[in-house]
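Student: Residue 88 in this note's numbering is what sits at position 20 of the sequence shown, and the numbering runs on without skipping anything. For each residue, glycine too, the CB sits at the ideal point set by N, CA and C. My structure is below; once you've seen it, I'll send some questions.
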Amino acid sequence: RASAASDGSASDRRASAASIDSSVNQTIIAGQQVTIDRLMAERRQHESARALLEARVADLAERLQHCRMRERALEEALEARPTKSDEMKVLEERNRTLSLENEE
Numbered sequence: 069r070a071s072a073a074s075d076g077s078a079s080d081r082r083a084s085a086a087s088i089d090s091s092v093n094q095t096i097i098a099g100q101q102v103t104i105d106r107l108m109a110e111r112r113q114h115e116s117a118r119a120l121l122e123a124r125v126a127d128l129a130e131r132l133q134h135c136r137m138r139e140r141a142l143e144e145a146l147e148a149r150p151t152k153s154d155e156m157k158v159l160e161e162r163n164r165t166l167s168l169e170n171e172e
């Protein structure tokens, strides 16, 4: 009888230990799931922020391209614009022409 009681007690201890192990494992798994859920939420936030930043970079790149095009157009316009000495030459030539017309 003592041996049967001791076997039963050992069996109860093993069952109790297995139950505790199972409970601990379930707690660990639940904690890991919470961590996974939190990390996934952070990842979604980072992906959303990244998409917004990429859109902003694309917008800024487009605006920069337009600014550079306007800058080139202004530089070309300045280069094509007559200088004061060019204007003076035109006025001098116009004066000569008018003088010749008056002489005629």
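DSSP three-state call for THR95: helix, strand or coil?
Tutor: Working through the sequence shown from its first residue, we reach residue 95 at position 27. The answer is helix: DSSP assigns THR95 an H, G or I state.
Student: CA-CA distance, HIS114 and GLY99?
Tutor: The sequence position of residue 114 within the sequence shown is 46, counting from 1. The sequence position of residue 99 within the sequence shown is 31, counting from 1. Cα to Cα, HIS114 sits roughly 23 Å from GLY99.
Student: Suppose you measure from the CA of SER116 to the CA of GLU122; what does that come to, to the nearest Å?
Tutor: The residue you call residue 116 lines up with position 48 of the sequence shown. The residue you call residue 122 lines up with position 54 of the sequence shown. Going by the C-alpha atoms only, they are around 10 Å apart.
Student: From GLU171 to LEU159, what distance separates their C-alpha atoms?
Tutor: Stepping through the sequence shown from its first residue, residue 171 is reached at position 103. Stepping through the sequence shown from its first residue, residue 159 is reached at position 91. Answer to the nearest angstrom: the Cα atoms are 18 Å apart.
Student: In its own chain, which residues sit with a C-beta less than 7 Å from the C-beta of ARG81, not counting the 5 before and 5 after it?
Tutor: Working through the sequence shown from its first residue, we reach residue 81 at position 13. Nothing meets the Cβ criterion.
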